[in-house]
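Positions in the sequence shown are counted from 1; adding 502 to them yields the numbering used here.
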Amino acid sequence: MQFLQRKVYLEVKKHIKSPEISLILGPRQAGKTTIMLKLSEELESQGLATAYFNLDVFEDKQYFITQHTLLDRLEKLVGKGPAVVFIDEIHRLENAGLFLKGLYDLKPSYKFVASGSGSLELKANIIEPMTGRKRIFLCLPLSFTEFAANKLKVDFEQVTRVLDTNPYACQRLTAEYFTYGGYPRVTLSETHKEKVATLAEIYKSYLEKDIQLLLKVEKGHAFETLVKILATQVGNLINRSELASTIGVTQKTVEKYLYLLEKTFVIFLLRPFFKDARRELRKSPKAYFADLGFLRLAQGTLPVSKPLLKGSLFENACFLRLKELNLLETPRFWRSHSGAEVDFVVTSPHTGEVIPIEAKVSPLKRQTLGKSLISFLQRYRPRQAYIYTKKTNLNFKRFGIPIRYLPFHFLPPALLKKS
Numbered sequence: 503m504q505f506l507q508r509k510v511y512l513e514v515k516k517h518i519k520s521p522e523i524s525l526i527l528g529p530r531q532a533g534k535t536t537i538m539l540k541l542s543e544e545l546e547s548q549g550l551a552t553a554y555f556n557l558d559v560f561e562d563k564q565y566f567i568t569q570h571t572l573l574d575r576l577e578k579l580v581g582k583g584p585a586v587v588f589i590d591e592i593h594r595l596e597n598a599g600l601f602l603k604g605l606y607d608l609k610p611s612y613k614f615v616a617s618g619s620g621s622l623e624l625k626a627n628i629i630e631p632m633t634g635r636k637r638i639f640l641c642l643p644l645s646f647t648e649f650a651a652n653k654l655k656v657d658f659e660q661v662t663r664v665l666d667t668n669p670y671a672c673q674r675l676t677a678e679y680f681t682y683g684g685y686p687r688v689t690l691s692e693t694h695k696e697k698v699a700t701l702a703e704i705y706k707s708y709l710e711k712d713i714q715l716l717l718k719v720e721k722g723h724a725f726e727t728l729v730k731i732l733a734t735q736v737g738n739l740i741n742r743s744e745l746a747s748t749i750g751v752t753q754k755t756v757e758k759y760l761y762l763l764e765k766t767f768v769i770f771l772l773r774p775f776f777k778d779a780r781r782e783l784r785k786s787p788k789a790y791f792a793d794l795g796f797l798r799l800a801q802g803t804l805p806v807s808k809p810l811l812k813g814s815l816f817e818n819a820c821f822l823r824l825k826e827l828n829l830l831e832t833p834r835f836w837r838s839h840s841g842a843e844v845d846f847v848v849t850s851p852h853t854g855e856v857i858p859i860e861a862k863v864s865p866l867k868r869q870t871l872g873k874s875l876i877s878f879l880q881r882y883r884p885r886q887a888y889i890y891t892k893k894t895n896l897n898f899k900r901f902g903i904p905i906r907y908l909p910f911h912f913l914p915p916a917l918l919k920k921s
């Protein structure tokens, strides 16, 4: 199968020289195994010995009875080192955190790279023992930059420029990404039928294998109903009481389900930005999905290959664009008790100042601002504001504050890393 270039691949590759355990986490079928096998292949081509274990395979799992059992096996496979050892599906191992901690503390001449599903983070006995001994890398579905770079066969840094000079390619790739999202197997599938079938398999596997079997969630129907409701209410405030009543569970169960969805990388929960608790919302979160194809499948709109681009889908897509930036703080949203609302508020990693960002799929008149954004500008006086649009690129000022209409294929310049 074709290998898709991933930013996380470059990050893990760079970390190979570090003694810390490289721990790759992410949802099912996001590309973790492919990354490990490709990295193993590349390292071996450079003359470095590697070993690979998949704990879904019984023949491999038998060597993980104790740390010394594994080390004995490694010595037979690759000698006493140095070597890089890849351990796939580490969450299948009981007390995986203690096992990896023990390996690290024995200080063998091996570098360990392990992968696990989102459920790994849910088990405190796995993550906590590894404090100071591991670095976590998130392997999520392809970002738009990764998706476009692979389709165009260009470097990540070239994507914006190439799309800006090729409107047809920009429109085609944006439409495909909005329709099917960025799961690797979906991206590599050729036809609409194949893409839908692959997404349906991922969706079903998540609900049946991750949630019901691995995480042992009761009332699977209620859980799936919650996923579908959240999909139809993307970008809306989450009303836990209303959700509990609708799906027939307690508010505590709704909280548990939201936690599971977030920790298994299906959704991201955005918390409100506030400085004045009396006048601004400070509790209710919003939910955005980690993949647009998964979102559309949950909405029931995926059978249509060319959907009407709704504001909520565009808003979710813009959120995922901001997630690409790996900001120190997760984007938030702003809402006053009077109802004024700004889609995203991010903190600049360079200045620490807040930057409001709106997502508007409908065509905008030149130099038009909504009342909510105006309210935020007057209250916080930020140095910059952005409005994501489908394709408009325009600069102007309001109250002396630079405002920029930003096409979807751009990332906010004020948030990019300084060279």
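For glycine and all other residues, C-beta sits at the position ideal for the given N, C-alpha and C.
When burial is assigned at 16 or more other CB atoms within 10 Å of the CB, is residue i buried or exposed?
i: Y670; result: exposed
i: L918; result: exposed
i: Y761; result: exposed
i: H593; result: buried
i: Q531; result: buried
i: K578; result: exposed
i: T689; result: buried
i: D793; result: buried
i: L545; result: buried
i: N668; result: exposed
i: H723; result: exposed
i: N597; result: exposed
i: P686; result: buried
i: T853; result: exposed
i: N818; result: buried
On the DSSP bridge list, what partners appear for residue i?
i: V756; result: For V756, which the question treats as bridged, DSSP gives no partner whatsoever.
i: I905; result: A887, F898
i: L794; result: Answer is none; L794 lacks a bridge partner.
i: Y554; result: F588
i: A861; result: Y890
i: A789; result: L771
i: L739; result: K788
i: V856; result: T849
Among residues of its own chain, excluding the 5 on either side of residue i, which ones have a beta-carbon nearer than 7 Å to its beta-carbon?
i: R575; result: Y565
i: T894; result: L866, Y907, P909
i: E757; result: R742
i: L739; result: S786, K788
i: R868; result: L896
So the beta strand (DSSP E) residue i belongs to, where does it begin and stop?
i: L458; result: Outside the shown range of the chain, which is 503 to 921, sits residue 458, and nothing can be said about it.
i: N897; result: 896-900
i: G614; result: Gly is not the amino acid found at residue 614; the sequence shown has Phe there. Its beta strand (DSSP E) spans residues 612-619.
i: G528; result: 523-528
i: I537; result: Unbroken run through I537 is the alpha helix (DSSP H), 534-547; no beta strand (DSSP E).
i: D590; result: 585-590
i: R637; result: 636-640
i: V847; result: 843-849
Would you give the residue range spanned by the alpha helix (DSSP H) that residue i belongs to?
i: F505; result: Note, F505: premise wrong, no alpha helix (DSSP H); not H, not E.
i: F878; result: 873-882
i: F649; result: 646-654
i: E561; result: 560-563
i: Y700; result: According to the sequence shown, residue 700 is Thr rather than Tyr. From DSSP, the alpha helix (DSSP H) with T700 extends over 694-707.
i: D666; result: 661-666
i: K578; result: 569-580
Where residue i and residue j are concerned, what is the direct C-alpha to C-alpha distance, given to the nearest angstrom?
i: A922; j: G684; result: The requested residue 922 does not occur in the structure, where the chain is confined to residues 503 to 921.
i: I537; j: Y511; result: 6 Å
i: I523; j: Y612; result: 10 Å
i: D845; j: E744; result: 22 Å
i: A699; j: R883; result: 48 Å
i: F639; j: F614; result: 13 Å
i: S921; j: P851; result: Unreliable placement is indicated for S921, whose pLDDT of 48 sits below 50; the coordinate value is still reported in the next sentence. Rounded to the nearest angstrom, the two C-alpha atoms are 13 Å apart.
i: I903; j: A702; result: 46 Å
i: E561; j: S691; result: 31 Å
i: E726; j: Q801; result: 11 Å
i: K892; j: V751; result: 39 Å
i: L804; j: L642; result: 20 Å
i: V587; j: R900; result: 56 Å
i: A553; j: E513; result: 20 Å
i: G549; j: G583; result: 12 Å
i: K516; j: K509; result: 11 Å
i: F770; j: S520; result: 30 Å
i: S704; j: F680; result: Rather than Ser, the amino acid found at residue 704 in this sequence is Ile. Spanning the two alpha carbons is a distance of roughly 17 Å.
i: A746; j: G813; result: 26 Å
i: T832; j: S838; result: 20 Å
Less than 6 Å between C-beta atoms, sequence neighbours within five positions excluded: which residues of the same chain meet that for residue i?
i: K540; result: F505
i: V661; result: T647, A650, A651
Go through its chain and collect everything with a Cβ distance to residue i's Cβ below 8 Å, but skip five positions before and after it.
i: E826; result: S645, F646, T647, L913
i: M632; result: I523, L525, G599, L602, K603, Y606
i: V856; result: F775, V847, V848, T849, S850, Y882, P884
i: T748; result: T727, I731
Could you check whether the Cβ of residue i sits closer than 7 Å to any heavy atom belonging to the ligand GDP?
i: K758; result: As for the ligand GDP, it is missing from this structure, which has no ligand bound.
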